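*Asks:* Shown below is the structure under consideration.
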Amino acid sequence: MARRIVIIGSGGRLGAALLREWQALGDEVIGLNHAQLDIGDFAQVREKLGALDFHALVNCAAQTNVDRCEKEPAEARRLNSEAVAAIADACSRQRARCLHISTDYVFDGEKREPYTEQDEARPISIYGQSKLDGEHALHAVADRHLAVRVSWVFGPDRPSFVDQILQRALAEETVAAIADKIATPTYTLDAARLLRPLLFDQPADGVMHLCSTGSCTWQQYGQHALDCAHAAGLPLKARTVAPQRMSDIPAFIARRPVYTAMSTALLARTTGLAPRPWQEAVEEYIRTHWAPRFPR
Ligand SMILES: NC(=O)c1ccc[n+]([C@@H]2O[C@H](COP(=O)([O-])OP(=O)(O)OC[C@H]3O[C@@H](n4cnc5c(N)ncnc54)[C@H](OP(=O)(O)O)[C@@H]3O)[C@@H](O)[C@H]2O)c1
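The sequence shown begins at 0 in numbering that gives the first Met the number 0 and counts up by one.
Below is the structure:
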C-alpha cells in the first residue's frame, strides 16, 4: 500500500509547496488547509485526523504573525504549542511520524556563528516561546516525532519579503531593508526536496535545522533579489536597497533576534542531501517565478 502523507496548513507558503511538489513525485498526499481543519479546535483535530489513514504528517499550520503573537499570547500558545500536542497525539495513535515545522526564532540571536541543534534555545518573543513550547509538546508525546526549524521562508505560494521588495522596486525609485539582522532564507521548493527523505527513509528524531547555506541581512537578501531581477529583465525603478535598522520600523512590536543563521550539517549528514547557497535559491526563484511575468 502507498504510504500516505497528511499536510496540515496546506494553504500556506510552505504547506502548499510541499503538497504540490510531493504530489508531483507521485506521493499520496492529503492537504488540510485552514478551512478544512482549525488546529485551535482540538476535538476537530482528533476527529479529522482519527478518520484518516496516514503514515506521516507534516504540520505547517501556525500563528506566524510575530507581532500578533505579542498582542494575543493565549492564541499563540493555543495554535503554536497546545495544538501541536493534539496533532502529535493523533499521529501517535496512527503510529504515524509527525514532522512539525518550527523556527529560528527559538534562539535569542546572541551568537555570531550558525546555531546548531545542540545550542540552547532562549526565545525573546511570545512567538519564539510559543514555537519552542510546541517543540517540547511534540516530544512530550513521542520522541520519534521531529521538529524541523526553518527560517525566512520564501516561495511561489504566498508572498514574502523577496516578493515585497521586488514589488516595491518595480513601483518606486527607492527601497530600503533592514541591515542589522542576519539569518538564512529557505526556499519552499528546496524544503520539499530536503524534507522528503525525513518522512520515511531517514527517520531522525528530535530537532533538525533546514535552510539554505550561508547567511545575509535583509538588505543583502533584497539587494541580491534586485540584482537577479535586473539580470532577468524586470523593469525595476530601484536598483539598490538602502539600509534600515530594526529600530526604524515602528510597526515591530515583538523583539526579533539579531542573528539566527542555522547550521544544516545534521540535515546533510542524515539525508545525504546538501542544501545550496541562499543566493542560488533566490536566483532560481526569480528566474522561474518572476521573470516569466515580464517577457523581454
Ligand atoms: N515564514 C517564515 O519566514 C518562517 C520562518 C520561520 C519559521 N516558519 C514556520 O514555518 C511554518 C510555515 O510557515 P509559512 O511560511 O508557510 O507561513 P504561512 O503561509 O503563514 O502558513 C501558515 C498556515 O497556517 C494556517 N493557519 C493559521 N491558523 C490556523 C488554524 N487555527 N488552523 C489551521 N491552520 C491555520 C494559515 O492559514 P490562513 O492563512 O488561512 O490563516 C496558513 O496557511 C510555520 O510553522 C512557521 O512558524 C516560517
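Using N, Cα and C, we set each Cβ at its ideal position, and we do this for glycine too. Quick caveat, the model's predicted, so the values are computed rather than measured.
1. Below 8 angstroms CB to CB, which residues in the same chain sit around residue 193 once its five sequence neighbours on both sides are set aside?
2. Hey, could you find the ends of the beta strand (DSSP E) residue 125 is sitting in?
3. Are residue 95 and residue 54 close, meaning C-beta to C-beta below 8 angstroms?
4. Looking only at DSSP bridge pairs, what is residue 284 linked to?
5. Indicate, with yes or no, if ligand 1 has a heavy atom lying under 7 angstroms from the CB of residue 157.
6. Evaluate residue 125 with the Cβ neighbour count: other Cβ atoms within 10 Å of its Cβ, from every protein chain shown; 16 or more gives buried, anything less gives exposed.
7. Is DSSP giving residue 234 helix, strand or coil here?
8. Secondary structure at residue 14, three-state DSSP: helix, strand or coil?
9. Report whether the distance from the Cβ of residue 80 to the nearest heavy atom of ligand 1 is below 7 angstroms.
10. Rounding to the nearest angstrom, what Cα-Cα distance links residue 131 and residue 219 in this structure?
11. What is the residue span of the alpha helix (DSSP H) that residue 269 lies within?
12. Going by DSSP in three states, residue 177 sits in which element: helix, strand or coil?
13. Pairs of beta-carbons, one from the stretch 24-36 and one from the stretch 87-102, closer than 8 angstroms: are there three or more?
14. Using DSSP's beta-bridge definition, name the partner residues of residue 207.
15. Taking residue 163 as part of the alpha helix (DSSP H), name the residues at either end of that continuous run.
16. Since I believe residue 204 is in contact with residue 143 (beta carbons under 8 angstroms), could you give me their beta-carbon distance rounded to a whole number of angstroms?
17. In the DSSP assignment, what residue or residues form a beta bridge with residue 153?
18. Verify whether the separation of the beta carbon atoms of residue 280 and residue 162 is less than 8 angstroms.
19. Would you say the beta carbon of residue 59 comes nearer than 7 angstroms to a heavy atom of ligand 1?
20. Closer than 7 angstroms: is that where the CB of residue 38 sits relative to any heavy atom of ligand 1?
*Replies:* Walking through what the data contain:
1. Residue numbering aside, residue 193 sits at position 194 when the sequence shown is read from its first letter. For residue 193, where only same-chain residues beyond five positions count, the Cβ hits under 8 angstroms are 209, 266, 270, 272, 274.
2. In the sequence shown, counting from the first residue as 1, residue 125 sits at position 126. Note, residue 125: premise wrong, no beta strand (DSSP E); alpha helix (DSSP H) at 125-140.
3. In the sequence shown, residue 95 corresponds to position 96, counting from 1. In the sequence shown, residue 54 corresponds to position 55, counting from 1. Yes, the Cβ-Cβ distance between residue 95 and residue 54 is below 8 angstroms.
4. As a position in the sequence shown, residue 284 is number 285, starting the count at 1. BP columns for residue 284 are empty, so no partner.
5. One-based indexing of the sequence shown puts residue 157 at position 158. Yes.
6. Against the sequence shown, residue 125 aligns to sequence position 126. Looking at its Cβ environment, which holds 16 or more other Cβ atoms inside 10 Å, residue 125 is buried.
7. In the sequence shown, the residue the question calls residue 234 occupies position 235. Residue 234 falls in the coil class under three-state DSSP.
8. Against the sequence shown, residue 14 aligns to sequence position 15. Helix at residue 14.
9. The count along the sequence shown starts at 1 and reaches residue 80 at position 81. No.
10. Mapped onto the sequence shown, residue 131 falls at position 132. Mapped onto the sequence shown, residue 219 falls at position 220. Each residue's Cα considered, the two are about 28 angstroms apart.
11. Along the sequence shown, one-based indexing puts residue 269 at 270. Residue 269 -> alpha helix (DSSP H) spans 264-270.
12. Within the sequence shown, the letter at position 178 stands for residue 177. Here residue 177 sits in strand by DSSP.
13. no
14. Indexing the sequence shown from 1 puts residue 207 at position 208. In DSSP, residue 207 forms a bridge with 147.
15. Translated into the one-based positions of the sequence shown, residue 163 becomes position 164. Residue 163 -> alpha helix (DSSP H) spans 160-170.
16. Taking the first residue of the sequence shown as position 1, residue 143 is located at position 144. Taking the first residue of the sequence shown as position 1, residue 204 is located at position 205. Yes, residue 143 and residue 204 are in contact; Cβ-Cβ is about 5 angstroms, under 8 angstroms.
17. Translated into the one-based positions of the sequence shown, residue 153 becomes position 154. DSSP output for residue 153 lists 186 as bridge partner(s).
18. On the sequence shown, residue 280 is found 281 positions in, with the first residue counted as 1. On the sequence shown, residue 162 is found 163 positions in, with the first residue counted as 1. Contact flag unset, no.
19. One-based indexing of the sequence shown puts residue 59 at position 60. Yes, Cβ of residue 59 sits closer than 7 angstroms to a heavy atom of ligand 1.
20. On the sequence shown, position 39 is the one that residue 38 refers to. Because some heavy atom of ligand 1 lies under 7 angstroms away, the Cβ of residue 38 counts as near it: yes.
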